[in-house]
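Okay, structure first, notes after.
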Amino acid sequence: MRHDPMLAIQADLLRRVDGLAGERGHVSALRLHDEVDQIRHIARAFHLDEVEGLAGTLESALSLHGLGPVVLSYLDRMREAIGADRLAPLFQPVASATVVPLRA
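Here is the structure:
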């Protein structure tokens, strides 16, 4: 089985976006700006132009309006641009895991 480095990059970006979305309301504007900047840099390095553009626009929105509901809509759009639907079989959030009780 071959390892596709782009899948690893997409999974990392998806983890970052989901992490920010999960911390909504509990992350400072400065930290959010730094995390979005990292996402933008990674997207630029791997030619994920749509993700880079969305991250750049979100950074601008944060500078003008601060934290607010607009953040989640941008994170959702970034998630779609990363290709979350293609990664779904490879990347399952911990919250969606099911617990199977052990029988004695």
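Going by our numbering, the first residue of the sequence shown is number -3, and it counts up by one from there.
All C-beta atoms in this analysis are idealised placements derived from N, C-alpha and C, irrespective of residue type, glycine included.
For ALA39 and SER69, the gap between their C-alpha atoms comes out near 18 Å. Burial is judged here by how many other beta carbons sit within 10 angstroms of a residue's own beta carbon; ARG20 has fewer than 16 and is exposed. Assignment of alpha helix (DSSP H) within the stretch 17 to 93, counting only whole runs of 4 or more residues, yields 25 to 41, 45 to 61, 66 to 78 and 80 to 83 in chain order. Around the beta carbon of MET2, a 10 Å sphere encloses fewer than 16 other beta carbons of the protein chains shown; the residue is thus reported as exposed. The residue from GLY18, GLU46 and LEU26 with its alpha-carbon nearest to that of GLN6 is GLU46.
In this structure, LEU28 lies away from LEU9, with their beta-carbon atoms at least 8 Å apart. Per DSSP, reduced to three states, the secondary structure at ASP0 is coil, with no helix or strand assignment.
Going by C-alpha positions, HIS37 is about 7 Å away from GLU48.
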